[in-house]
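The structure under discussion appears below in the form of structure tokens.
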Amino acid sequence: MTVIADLRAGLTGMVAAAVAGVDDPEYPGVSIADLGLLEQIEVDMAGHARIGLIPTFSGCPALDVITTDVHAAVAAVTGVSSVEVTWLGSPSWSTNRITPRARKVLSNQFTVAVQDRNTPATCARCGNPTTEQSPFGPSRCRAVHRCNNCIEVIEVLRV
Amino acid sequence: MEAFEDFLDHGGIVEPVDTIPDPYREAVFRFIELHANSELMGGLTERDWIPRTPGLRHKIKILAKTQDEIGHGHLLYMVAADLGIKSRSEMLEDLFAGRSRFHNVFHYRAKTWGDQVAIAFLVDAAALASQQAVFKVCSYGPYRRILKRIITEEGFHMRFGEERMLKIAEGTDFQRAMFQQSIDDWWWPSLQLFGPDSRPDDVLLRWHIKSERNEVLRFQWVQKFVPLLHDYGFTVPDPGLTFDSEEGHWVSGPIDWMPLEQTLQQAGPDSARRIGEAAANWEKSQWVRDALNRVAELADAA
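Residue numbers (my numbering), protein chains in the order written: chain A, 330 to 488; chain B, 1071 to 1372.
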């Protein structure tokens, strides 16, 4: 039994690595796992993989693309016989699920800041506090801020 | 100016806090203003199609695309305003009064769903190619950084456009005939989005605001779309189009630039209606801005 349990744990690990290799379609180089979208991975004895994801917001237009990409990545793992990708209704996503690594890439590569609940946003370039210009940007999960120090328009990922 | 040009030639990036020569400031401003206006006018066109988009899945995508375009416009107006030539409201007033320009493709009317697909497929690809050519070199820092995000989102729209094109291409005879009509109507406007051949003294090229000559981008676009449309059994409405078998590429027939000229004069087929509707929309949504300003005032007072 322990051998089988080990094999299953190994396969689950490989599936997890495959999901972590899927980037967000709008931020190439930022894994969906690092953005906090990955909630559940279950792989049964028959190699059936169930991936539970949570959206940043339910009307997000990227869900289909992410589903397709995750499906393809997991199906390519040796030992996986079938894949089911589900968008879960709970828990709800929040910015505190974003890993430090993803925050760094968002800031350095995309000039995008991350704002956690009850904390002020800071400029992705100079670190000074920003001022909000609009609660909505090009997407529901982003606000538009401005840094008056370096005169930069900053998008802020927010709850 | 010579030192400044030397700085640009060596890959220098200009930031708003730097000393910027006026001609450069003016050229970058005009360019970003045109881009911002085009995002706004494009977003409004997209919005018109939300109720008429077939299927919930596509409707969600059109909704999101509308928000993307308006959001891009918003970011770009801020970057343009920071150049200190016109404020955001001055830019909008000029746009709604027909005093400033937006891309030629938004001077035409999208009449059918086929047109929407053709726009998502042909026009978005042309716009993306132009933006990529700017992003590659762009010497103005804030614009370059915004473009990086805009381009990844536009690339995402392209995926939708291709998906929709496949669906209509594999559709009924009626759908295919509708799409052929849309290709006939949108081929030339899309091609003219790149503009006439770049002039030798084009400052946008000299100051590394964009990286590629208009005719080169236009040529590349033709190489991509002619074979694609032929593969799906559609025709391209260019009687002068030939294949140069020695060079292995497609060559467009003579281009009539009159329609582009008319759109530049705000006298395109749908210019008056488009500008009028955008202006009316701005007036109708005044209460939202008033409410937001009032909330901000109350927050400041508290």
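Think of the CB as a built atom: it goes at the ideal place given N, C-alpha and C, for glycine as much as any other residue. Every value quoted in this text rests on a predicted model; they were computed, and no experiment measured them.
Which of helix, strand or coil DSSP assigns to residue i
{"i": "B:Leu1114", "result": "helix"}
{"i": "A:Gly358", "result": "strand"}
{"i": "A:Ala391", "result": "coil"}
{"i": "A:Leu486", "result": "strand"}
{"i": "B:Tyr1147", "result": "helix"}
{"i": "B:Tyr1210", "result": "strand"}
{"i": "A:Asp352", "result": "strand"}
{"i": "A:Ser436", "result": "helix"}
{"i": "A:Ala442", "result": "strand"}
{"i": "B:Phe1304", "result": "coil"}
{"i": "B:Phe1191", "result": "helix"}
{"i": "B:Asp1314", "result": "strand"}
{"i": "A:Thr397", "result": "helix"}
{"i": "A:Thr407", "result": "coil"}
{"i": "B:Glu1240", "result": "coil"}
{"i": "B:Val1084", "result": "strand"}
{"i": "B:Thr1089", "result": "coil"}
{"i": "B:Glu1282", "result": "coil"}
Any chain A beta carbon closer than 9 Å to residue i
{"i": "B:Gln1137", "result": "yes"}
{"i": "B:Met1148", "result": "yes"}
{"i": "B:Ile1216", "result": "yes"}
{"i": "B:Ile1130", "result": "yes"}
{"i": "B:Phe1191", "result": "no"}
{"i": "B:Ala1239", "result": "no"}
{"i": "B:Ile1140", "result": "yes"}
{"i": "B:His1144", "result": "yes"}
{"i": "B:Asp1340", "result": "no"}
{"i": "B:Pro1212", "result": "yes"}
{"i": "B:Val1087", "result": "yes"}
{"i": "B:Leu1269", "result": "The sequence shown places Arg at residue 1269 of chain B, not Leu. It does not; no Cβ of chain A falls within 9 Å."}
{"i": "B:Leu1133", "result": "yes"}
DSSP beta-bridge partners of residue i
{"i": "A:Gly381", "result": "A:Gln369 and A:Thr415"}
{"i": "A:Thr460", "result": "A:Arg475"}
{"i": "A:Thr451", "result": "A:Pro458"}
Residue of the options minimising C-alpha distance to residue i
{"i": "B:Ile1325", "options": "B:Pro1309, B:Gly1318 and B:Ala1342", "result": "B:Pro1309"}
{"i": "B:Ser1170", "options": "B:Leu1275, B:Leu1110 and B:Pro1093", "result": "B:Leu1110"}
{"i": "B:Val1149", "options": "A:Ser410, A:His400 and A:Gln462", "result": "A:Gln462"}
{"i": "B:Pro1329", "options": "B:Asp1301, B:Trp1258, B:Asp1243 and B:Gly1323", "result": "B:Trp1258"}
{"i": "B:Thr1222", "options": "B:Gln1202, B:Ile1090 and B:Val1358", "result": "B:Gln1202"}
{"i": "A:Phe439", "options": "B:Lys1218, B:Ala1190 and B:Lys1156", "result": "B:Lys1218"}
{"i": "B:Ala1196", "options": "B:Asp1272, B:Gln1293, B:Ile1132 and B:Asn1363", "result": "B:Gln1293"}
{"i": "A:Asp353", "options": "A:Asp335, A:His474 and A:Leu382", "result": "A:Leu382"}
{"i": "B:Glu1332", "options": "B:Gly1168, B:Glu1347 and B:Pro1091", "result": "Per the sequence shown, the amino acid found at residue 1332 of chain B is Gln instead of Glu. Nearest C-alpha to B:Gln1332: B:Gly1168."}
{"i": "A:Asp411", "options": "A:Val399, A:Thr424 and A:Val351", "result": "The sequence shown places Ser at residue 411 of chain A, rather than the Asp named in the question. Ranking A:Val399, A:Thr424 and A:Val351 by Cα distance to A:Ser411 puts A:Val399 first."}
{"i": "A:Ala442", "options": "A:Ala401, A:Trp422, A:His377 and A:Cys476", "result": "A:Cys476"}
{"i": "A:Glu368", "options": "A:Ile483, A:Asp393 and A:Ser419", "result": "A:Ser419"}
{"i": "B:Glu1224", "options": "B:Gln1251, B:Gln1290 and B:Leu1192", "result": "B:Leu1192"}
{"i": "B:Trp1352", "options": "B:Ile1140, B:Pro1121 and B:Arg1100", "result": "B:Ile1140"}
{"i": "A:Gly319", "options": "A:Ile333, A:Val403, A:Thr448 and A:Leu336", "result": "Any answer about residue 319 of chain A is impossible in this case: the structure gives chain A only from 330 up to 488."}
{"i": "B:Gly1143", "options": "B:Glu1103, B:Lys1129, B:Phe1176 and B:Asn1174", "result": "B:Glu1103"}
{"i": "B:Ser1209", "options": "B:Ile1279, B:Glu1072, B:Trp1119 and B:Pro1121", "result": "B:Ile1279"}
{"i": "B:Val1098", "options": "B:Gln1262, B:Asn1363, B:Val1273 and B:Leu1165", "result": "B:Val1273"}
{"i": "A:Thr397", "options": "A:His474, A:Ser387 and A:Trp416", "result": "A:Trp416"}
Short CB-CB distance (under 9 Å) between residue i and chain B
{"i": "A:Thr448", "result": "no"}
{"i": "A:Ala391", "result": "yes"}
{"i": "A:Glu413", "result": "no"}
{"i": "A:Arg469", "result": "yes"}
{"i": "A:Gln462", "result": "yes"}
{"i": "A:Gln444", "result": "no"}
{"i": "A:Val482", "result": "yes"}
{"i": "A:Gly388", "result": "yes"}
{"i": "A:Val441", "result": "yes"}
{"i": "A:Arg475", "result": "yes"}
{"i": "A:Cys452", "result": "no"}
{"i": "A:Val488", "result": "no"}
{"i": "A:Gln438", "result": "yes"}
{"i": "A:Val394", "result": "yes"}
{"i": "A:Pro357", "result": "yes"}
{"i": "A:Gly466", "result": "yes"}
Range covered by the beta strand (DSSP E) that runs through residue i
{"i": "A:Arg471", "result": "Arg471 to Cys476"}
{"i": "B:Trp1320", "result": "His1319 to Val1321"}
Opening and closing residue of the alpha helix (DSSP H) in which residue i lies
{"i": "B:Asp1076", "result": "Glu1072 to Asp1079"}
{"i": "B:Glu1163", "result": "Arg1158 to Phe1166"}
{"i": "B:Trp1258", "result": "Asp1243 to Gln1262"}
{"i": "B:Asn1363", "result": "Gln1356 to Ala1371"}
{"i": "B:Pro1329", "result": "Met1328 to Leu1334"}
{"i": "B:Leu1153", "result": "Run containing B:Leu1153: none; DSSP gives neither H nor E here."}
{"i": "B:Arg1276", "result": "Val1273 to Arg1276"}
Any non-hydrogen atom of the ligand NAP within 8 Å of residue i CB
{"i": "A:Ile361", "result": "Ligands displayed in this structure: none; no statement on the ligand NAP is therefore possible."}
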